[in-house]
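To get our numbering, take the position in the sequence shown, counting from 1, and add 240.
Working notes for the structure below.
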Amino acid sequence: MAEWREAAREAQKRRAVDAWIALLRDRPPQVLIGANFADHGGVREHILSIGRYSSLRTELVPSDRLLKLVVPHEIKTKFNAAFCQYRASGVLAVHSHVFPWFIEWCNALRSPRPLWVHTYHAPYFPNHRNGEHVAWQEEFNSALVNVARNADVRISVSKWQQRYLSEAHGIETLYIPNGVDVAFCDTADPVRFTGTVQWGKFVLYVGRNDPVKNPHEFLRLAAALPSLRFMMAGRDLSLERLASETGIAAPGNLTVRGEMSHQQVIDAVAACSAVVVTSLREGLPTVVLEAMTLRKPVVVPDEPGCVEAIDGGRLGHVYRPGDILDLREKTLAALSDPSRGDAGREFVLREFDWRVIAPRLDAIYESGPARSSSRARKPD
241 MAEWREAARE AQKRRAVDAW IALLRDRPPQ VLIGANFADH GGVREHILSI GRYSSLRTEL
301 VPSDRLLKLV VPHEIKTKFN AAFCQYRASG VLAVHSHVFP WFIEWCNALR SPRPLWVHTY
361 HAPYFPNHRN GEHVAWQEEF NSALVNVARN ADVRISVSKW QQRYLSEAHG IETLYIPNGV
421 DVAFCDTADP VRFTGTVQWG KFVLYVGRND PVKNPHEFLR LAAALPSLRF MMAGRDLSLE
481 RLASETGIAA PGNLTVRGEM SHQQVIDAVA ACSAVVVTSL REGLPTVVLE AMTLRKPVVV
541 PDEPGCVEAI DGGRLGHVYR PGDILDLREK TLAALSDPSR GDAGREFVLR EFDWRVIAPR
601 LDAIYESGPA RSSSRARKPD
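Laid out in C-alpha cells, this is it:
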C-alpha cells in the first residue's frame with residue numbers, strides 16, 4: 241500500500257510539471273524569472289518585486305503553485321530533463337538570479353533564443369563561512385563567474401559589485417540597484433507589531449543566524465548597553481544558541497524571535513527606534529533601504545554594500561567592524577539624532593523605489609537580443 245501511495249504521488253508530481261510546462265508553451269509569458277528556489281530573503285523579494293511592478297507578463301520558474309507540490313531538488317533532478325526540453329519560444333526575455341540550475345538552462349538555449357538577462361547579487365566570499373567556502377558556494381560562484389558572463393545583459397545590484405566584477409573577473413555590467421517596495425513599506429503598522437505591549441525605545445536586528453550576517457556582534461552590543469532594549473529577528477536565531485556560540489550570558493535586555501514574515505519585518509522596523517546591521521558582507525541590504533523608507537536611523541558596518549546603501553555614510557552611521565565600543569557609540573548617536581529620516585526616504589524614493597527600477601528593466605526586456613551586445617559597460 242505504501243509503495244502504491246508513493247507511485248501515485250510521483251505520478252501526480254509528473255502531471256503537475258508537465259501541465260506547467262505545457263502552459264508555458266501554450267501561453268508564453270513575456271519574461272521568465274528564475275530560479276525561484278529561495279523561500280525567504282532578499283533575492284526572493286527581489287524577483288517577486290519584478291513581477292509585481294513590471295508592466296509585462298512575467299512568470300517565476302518554477303512557479304509558486306508548482307512548488308507547493310514539487311520541491312526544488314526534484315525540479316533539478318528527476319524533472320530536469322522535462323524542463324530542459326522547453327525552449328522558451330515566444331518569450332521576450334529570460335532573467336536569471338543566483339541559482340546555477342536556471343543560469344545553465346539560460347546558457348543552453350539556442351538561437352533564436354529570448355534575450356538573456358542576468359542579475360548579479362552578492363557572490364560568496366570566504367568570510368561567509370568562517371574563512372572557507374563550502375561545496376555549494378563554490379558551485380554558485382563558478383556559475384556566476386564562468387556561465388552568467390555569457391548573458392546578453394548583465395546587471396549588478398550595487399556599484400561596489402560592478403567594480404569588483406570588472407576588476408576581479410573582467411565582467412562588465414549595468415548598474416541597476418536592488419530595489420525596495422516603498423508602497424509595501426508604507427503599509428507598516430507599529431501597533432500591529434507591538435500590540436498592547438509598551439515597548440518604548442528598542443534597537444532592531446533583522447537577519448538569519450549565519451556567519452556573514454554576524455549576529456553575535458549584535459548580542460555583544462546589547463550586552464554593552466544594558467539600559468536599552470534590543471530585539472533580533474531571523475531564521476535559526478535563538479537567545480540560547482547565540483549565548484552558547486559567543487560564551488556571553490544572555491543579556492536580559494535582548495529579545496530574540498525566529499523568522500518573521502515580510503509584513504512582520506516592516507511592522508517591526510516601523511516600531512523600532514533604530515536598525516543596526518552587523519554583516520561582514522552585503523550586496524545592497526534591503527533592510528537598510530526599508531528602514532530609510534520608514535525614516536528610521538540606521539547603523540551599518542564599514543562594508544561597501546552597507547555604506548553604499550546610506551549614500552557613502554551621509555544618511556546613516558558607520559562603525560568599524562569588530563569594534564564594539566565604536567558600535568556602541570554609533571548606536572547611541574543614531575538614537576539621539578533621527579534628523580536624517582526625511583533625507584533617507586527621499587534618497588530611496590529617487591534611487592531604489594521599485595516603481596522607478598521596474599521600468600528600466602522593462603526597457604531592457606523589450607530591447608531584444610539583437611541590440612544587446614552593447615548593454616554592459618564599464619563601471620562608473
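Virtual Cβ for every residue (Gly too), placed ideally from N, Cα, C.
These figures come from a predicted structure and were not determined experimentally.
In the DSSP assignment, find the unbroken beta strand (DSSP E) run with residue i in it and report its ends.
i: Pro541; result: Val538 to Pro541
i: His557; result: His557 to Tyr559
i: Thr637; result: Within the shown structure, residues of the chain are numbered from 241 to 620, placing residue 637 beyond reach of any answer.
What is the DSSP secondary structure of residue i, counted as helix, strand or coil?
i: Val588; result: helix
i: His313; result: helix
i: Trp356; result: strand
i: Glu412; result: coil
i: Val385; result: helix
i: Glu299; result: strand
i: Ile488; result: coil
i: Tyr445; result: strand
i: Ser336; result: strand
i: Ile273; result: strand
i: Ser614; result: With a pLDDT of only 35 at Ser614, under the threshold of 50, the placement of this residue in the model should not be trusted; the figure read from the coordinates follows. Ser614: coil per DSSP, three-state reduction.
i: Met532; result: helix
What span of residues does the alpha helix (DSSP H) with residue i cover, start to end?
i: Val431; result: Pro430 to Thr434
i: Val283; result: Gly282 to Tyr293
i: Ser398; result: Note, Ser398: premise wrong, no alpha helix (DSSP H); not H, not E.
i: Leu520; result: Looking at the DSSP string, Leu520 is not in any alpha helix (DSSP H), and its letter there is neither H nor E.
Going by C-alpha distance, which of the options is nearest residue i?
i: Lys253; options: His313, Thr298, Val334 and Ser289; result: His313
i: Ala391; options: Leu264, Ile315, Pro354 and Thr571; result: Pro354
i: Val384; options: Asp426, Phe424, Arg284 and Ser336; result: For clarity, residue 384 is Leu in the given sequence; the question names Val instead. Closest option to Leu384, Cα to Cα, is Ser336.
i: Trp400; options: His361, Leu307 and Thr427; result: His361
i: Arg560; options: Glu412, Val517, Arg255 and Ser579; result: Val517
i: Trp341; options: Asp258, Asp582 and Glu379; result: Glu379
i: Ala603; options: Leu482, Phe339 and Ser294; result: Ser294
i: Pro352; options: Leu332, Ile343, Val338 and Leu405; result: Leu332
i: Asp577; options: Leu307, Gly291 and Arg535; result: Arg535
i: Val528; options: Arg481, Ala247, Gly581 and Ala483; result: Gly581
Quick one: residues in its chain with C-beta nearer than 7 angstroms to the C-beta of residue i, no 5 flanking neighbours on either side, listed in chain order?
i: Met532; result: Val538, Leu555, Gly584, Arg585, Phe587 and Val588
i: Phe365; result: Arg521
i: Ala511; result: Pro430, Phe433, Thr434 and Trp439
Can you list, in chain order, the residues of its chain whose CB lies under 6 angstroms from that of residue i, leaving out five sequence neighbours each side?
i: Cys346; result: Val334, Ser336 and Trp356
i: His409; result: Val385
i: Val310; result: Lys253
Going along the chain, which residues of its own chain have a beta-carbon closer than 8 angstroms to the beta-carbon of residue i, five neighbours each way excluded?
i: Tyr326; result: Ile261, Leu264 and Arg265
i: His502; result: Glu285 and Phe424
* Asked: Does the stretch 523-541 touch the stretch 480-496, meaning 3 or more C-beta pairs lie closer than 8 angstroms?
  -> Output reads no: the stretch 523-541 does not touch the stretch 480-496.
* Asked: Just checking, does the stretch 296-310 make contact with the stretch 265-279 on the three C-beta pairs under 8 angstroms criterion?
  -> yes
* Give a yes or no on contact between the stretch 592-600 and the stretch 409-421, applying the rule of three or more CB pairs nearer than 8 angstroms. => Output reads yes: the stretch 409-421 touches the stretch 592-600.
* Are there three or more Cβ pairs, one per stretch, closer than 8 angstroms when the stretch 468-482 is compared with the stretch 444-452? -> yes
* Touching or not, the stretch 455-462 and the stretch 426-440, by the rule of three or more beta carbon pairs under 8 angstroms? -> no
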